[in-house]
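If you're matching them up, the sequences are chains A and B in order. Counted the way the numbering used here counts, the first sequence spans residues 392 to 1017. Counted the way the numbering used here counts, the second sequence spans residues -6 to 254. Heads up, the beta-carbon is just placed ideally off N, CA and C, and yes, glycines get one too.
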Amino acid sequence: MTATSVPATASSSEPQWSPDPRRLVSYGAICALTMVFICLIGMPVKLDPRPLIDPILSRGYASLVWVPVVFGYSVTSFVVLEGMAARRRGPSDVLEGAIVGAIGGLGVGILGLLVDNFDLRDPLINWSPQLVDFITFGNSIGFGIVIWLVIGALCGAAGAGLHLLPETVRLYVASVVLAVVGMSFLETAATDLLQGLKLEFISDAIYAKQGGLTVRGAVIVAVLTVAGLALGRFIRANQQRAAAGRAEADLATGGGASLTPVGGAMRRRSNRELVLGGLGIVGLLLLPQFLGGIMNELLANVGLFLLLALGLNIVVGLAGILDLGYVAFFAVGGYTTAVLTSPNAPWLHPELPWFVALLIVIPIAALVGLLIGAPVIRMRGDYLAIVTLGFGEIIRLLFLSDWLAPYFGGAQGITNIPGVQIFGIATVSGTDPKAVFYLVMGFCALAIYVSWRLERSRLGRAWMAIREDEKVAEAMGINTVNAKLAAFVTGAILASFSGAIFAAKVGSIFPNSFEILVSVIILVIVIVGGMGRIAGVALGAVVLIGILGGPSQPGLLQELAEYKLLIYGALLVWMMLKRPEGLLPNVRRSRELHHEELSQDAWLKAQEIEAAAPPDPEYPGWETPA
Amino acid sequence: MSPMLEIRNLSVVFGGLAAMDDLDFHVEEGEIVSVIGPNGAGKTTFFNAITNLVPPTDGEILFEGNSIVGLDPNQVTALGIARTFQNVRLFAQMTVLENVMVAQHCRTKQTPIAALLNTKAFREEEAQIRARGEEILGFFGTRLIGYRLDQPAMVLSYANRRRLEIARAMATSPRLLLLDEPVAGMNPMETAELTALIGRLRSEWGFTIVIIEHDMDVVRDVSDRVVVLDHGETIAQGSFDDVSSDPGVIEAYLGRPAETS
């Protein structure tokens, strides 16, 4: 029990606290259900053969044991209200976590018992003897129940115990766990990159032969993570101290006329961002040289989806038009390119070079954007989303239909699309993912430039105003219909670029490449990454397409491909609950009030020092009316 | 000389409810007219009808001699009528400066292509938009400029949001400014300050102003003429003193004595 030593009089101010059994049981039950669910979708059995850390932990067990850790942690989390005394942490927290974890473990044990005694294989295909083996570690079922009780309790206690650690230590622990798990899961990519860099000895040292980190490898990764983190914190602390010193000096001398101390600090910061961004771009351009074919293929896919997401980001992130049928423009770009370049196209087949075809793709995509946009744009919010969803499907079904088959090939699609001839120097096609990647990056750069320029223009501001409040935007003199159509058309053109590259890369095009799922995934990239921010969208594309994999493209976590949509969904739900602004939110959405107020005070002070002449700069024209 | 804004037989009907009933109204250039009336009298609907956010059911609205009925709200704004909103409706995620920059949309003309090419004309116009935005924000003292320029509007205090609403309407370069309860919810200090500013909006910026207000001290101090609405009809108009002693107005606000009903 907490705070028992506090005298009775004081306990009225310090909240008396005791564990709430109902809360523990309900958390435990949800924990157990989650673990049973994971078992029944077959994840543990399927992943069991591959180790996470070679002899200690297999990926199968890892896919289960994180659950009690998370639940142990969250059952002992609580919000400390401002001005209220926080409940004191103590061993009872660990006990609570252990109870919740044990209930979860018990669930797994009971599942093992049920699987052992009843046969439900008909609806539940993973209801198998292998699952029993997995749960009991090959021993008797009684042993299985006991061992899972213990595992659950230990993991729950560990999760809850995180609260007892100081903030810094918790950060280190979380980073180390993340780094080790990450390095293990990203083995393919890391090995490939190290091989390209001729540093095979590193991968030999840390990875086991049958996959997964060795214990030695895990230790090395952990040590490197801790060292890197400590170094980073040390550098940042130093910089902050220096910046604070500079700001003080600026203030003391009255600052420059217009260059406020805050402005100076911001400029320095944006300079650093520029340097970092430049290094990042150079790294990105060199990266494919050190990667193998599979990894480059993956990068090219990330690029294609990034290009799509950048276009959708203008429509959804800037103008606030929730377009669920964005894939339609991707399809239009792909099909137009196919018709114009392929000798096998059932209609026209002028066999134009790709770049010439692109010049025709742009106006056609813009036209389709206008045609779809014009009726849709008069709707708002949910209605607009539903209608765009419909249009997305209509476009796909049109390409699939027998009616248009003489033009677009129907279900047979269009094959034999040649690659991209770049001024006779190089040919970009699917067999050379490296070249595709560079081509895609070129167009991504164009898309980023367009987003960046437009956001800071009259049209971009009008988009943002429409996103914020369409009615008011109209009352402030913005022709909302035109502005929204412009957003639609810009998005359509960017998506058609992606479609054109996709056609040249794959070499053939079928209606089923343009299913609704593609629209959804592009939208998820934008939302998860951070709506309205380019770096966020890029991160979203890397995480979702690169790591998890696209709708039909494999990602780095190939063994999780079956569970891709499940993970997408879980990720989206979690994001909406905990971080609705995205992984890398738009800066203006996440500013801290406190800092802003201080900055305004600093600015006012600088102004006062600078201009002591006016009698009362605070209130010009201040006159009390009679 | 014909009035700047002339409204004849204006009616707005929502289903069976006549929010505006056969209203006549006019504003001369350079006037400050207050529109008062009890809650639900139709004051905000009156503004909505002028700016065409709610299309009138019947009647005529002439601005500088031309009918503006049936125009889109953005066209009305382009002609020179700007408004603020009673329930502050700023573009909350946009910065303070962007709020006044975006309101200059209908006074500027650079195309997206110019923005992409970053032409000289585009850069010059952007600089002008920015300078004008800062000039307008400077009208409110130091509260909306300096570091505040780049803050999102949502972090502003309540009174500053109300000021920014007015600044945003000013940025559309209107000839007629419609202020919907500009001092609602402000403390007496802020109210007095804003009252002085409303006078300066006319004397320094040359706006003609129609103002809806519940604070009778403000109404008395700023208005040349007061129009009282009730149930969508004008029940009295004239100077503040005439109107405030009008028995019909007192009845509308306080109700009828029991014996006469």
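Does the Cβ-Cβ distance between residue 167 of chain B and residue 96 of chain B come in under 7 Å?
no
Integer-rounded CB distance, given that residue 461 of chain A should sit under 8 Å from residue 552 of chain A
The Cβ separation is near 13 Å, so there is no contact.
Contact set between the region 80 to 106 of chain B and chain A, restricted to residues whose Cβ is under 9 Å from the partner:
82, 83, 84, 85, 86, 87, 88, 91, 92, 94, 95, 96, 97, 98, 99, 100, 101, 102, 103, 104, 105
Write down the C-beta distance between residue 591 of chain A and residue 584 of chain A rounded to the nearest angstrom, noting that I regard them as a contact closer than 8 Å.
The Cβ separation is near 11 Å, so there is no contact.
Is residue 7 of chain B helix, strand or coil when you go by DSSP?
strand
From residue 771 of chain A to residue 713 of chain A, what does the alpha carbon distance come to, in whole angstroms?
9 Å
Going by alpha carbons, who is nearest to residue 10 of chain B out of B/251, B/242, B/225, B/151?
B/225
Give the interface partners of residue 441 of chain A over in chain B, defined as CB-CB distance under 8 Å, in chain order.
Correct list: empty, because the minimum Cβ distance to chain B is about 45 Å.
Contact set between residue 66 of chain B and chain A, taken where Cβ atoms lie within less than 7 Å
865, 866
Per-residue DSSP class, three states only, for residue 202 of chain B:
strand
In terms of residue numbering, what span does the alpha helix (DSSP H) encompassing residue 881 of chain A cover?
871 to 897
Beta carbon proximity, residue 870 of chain A to chain B, threshold 7 Å
yes
Compare the beta carbon distance of residue 732 of chain A and residue 743 of chain A with 7 Å and say whether it is the shorter of the two.
yes
Straight-line CA distance for residue 0 of chain B to residue 170 of chain B?
16 Å
Coarse secondary structure for residue 1006 of chain A, derived from DSSP in three states:
Confidence at residue 1006 of chain A is low in this model, with a pLDDT of 46, below 50, so the placement of that residue should be treated as unreliable; the coordinate-derived value is given next. Here residue 1006 of chain A sits in coil by DSSP.
Within 10 angstroms of its Cβ, does residue 144 of chain B collect 16 or more other Cβ (buried), or is it exposed?
buried
Since residue 12 of chain B meets chain A, which of its residues come closer than 7 Å, beta carbon to beta carbon?
Ordered by position in chain A, no residue passes the 7 Å Cβ test against residue 12 of chain B, which lies about 18 Å from the chain.
Mapping the DSSP letters down to three states, classify residue 647 of chain A as helix, strand or coil.
Low confidence applies to residue 647 of chain A: its pLDDT is 44, below 50, so where it sits in the model is not reliable enough to give any reading.
Tell me whether residue 717 of chain A sits in a helix, a strand or coil according to DSSP, three-state version.
coil
Chain A beta carbons: is any one of them nearer than 7 Å to that of residue 165 of chain B?
yes
Just list the alpha helix (DSSP H) runs in the region 797 to 881 of chain A, keeping only unbroken ones of 4 residues or longer that don't cross its boundaries, in chain order.
824 to 846, 849 to 859, 861 to 866
So, with DSSP's three-state summary, where would you put residue 980 of chain A?
Interpretation of residue 980 of chain A is limited by its pLDDT of 47, a score under 50 that renders its predicted location unreliable; the figure taken from the coordinates is listed afterwards. Residue state, collapsed to three classes: helix.
Are the beta-carbon atoms of residue 932 of chain A and residue 697 of chain A separated by less than 7 Å?
yes
Write down the C-beta distance between residue 909 of chain A and residue 691 of chain A rounded to the nearest angstrom, noting that I regard them as a contact closer than 8 Å.
About 16 Å separates the two Cβ atoms, so there is no contact after all.
Alpha carbon of residue 248 of chain B to alpha carbon of residue 228 of chain B, nearest angstrom
14 Å
Residues of chain A with a CB under 7 Å from the CB of residue 169 of chain B: which are they?
In chain order: nothing, as chain A lies at least about 14 Å away.
So, is the C-beta of residue 38 of chain B closer than 7 Å to a C-beta in chain A?
no
Just tell me which of A/433, A/760, A/423, A/416 has its CA closest to the CA of residue 957 of chain A.
A/433
So is residue 850 of chain A in contact with chain B if we call contact Cβ pairs under 7 Å?
yes
Comparing the C-beta of residue 853 of chain A with each C-beta of chain B, is any distance below 7 Å?
yes
Mind pulling the chain A residues with CB within less than 7 Å of residue 70 of chain B?
866, 867, 868
In this structure, what does DSSP give as the bridge partners for residue 227 of chain B?
B/222
Inter-residue Cα distance where the pair is residue 214 of chain B and residue 231 of chain B:
14 Å
Uninterrupted beta strand (DSSP E) stretches inside the region 56 to 92 of chain B (no shorter than 3 residues):
74 to 76
Taking DSSP as the reference, what is the three-state secondary structure of residue 936 of chain A?
helix
Considering only residues of the same chain and omitting the five flanking positions on each side of residue 810 of chain A, which have a CB-CB separation below 7 Å?
818, 819, 820, 895
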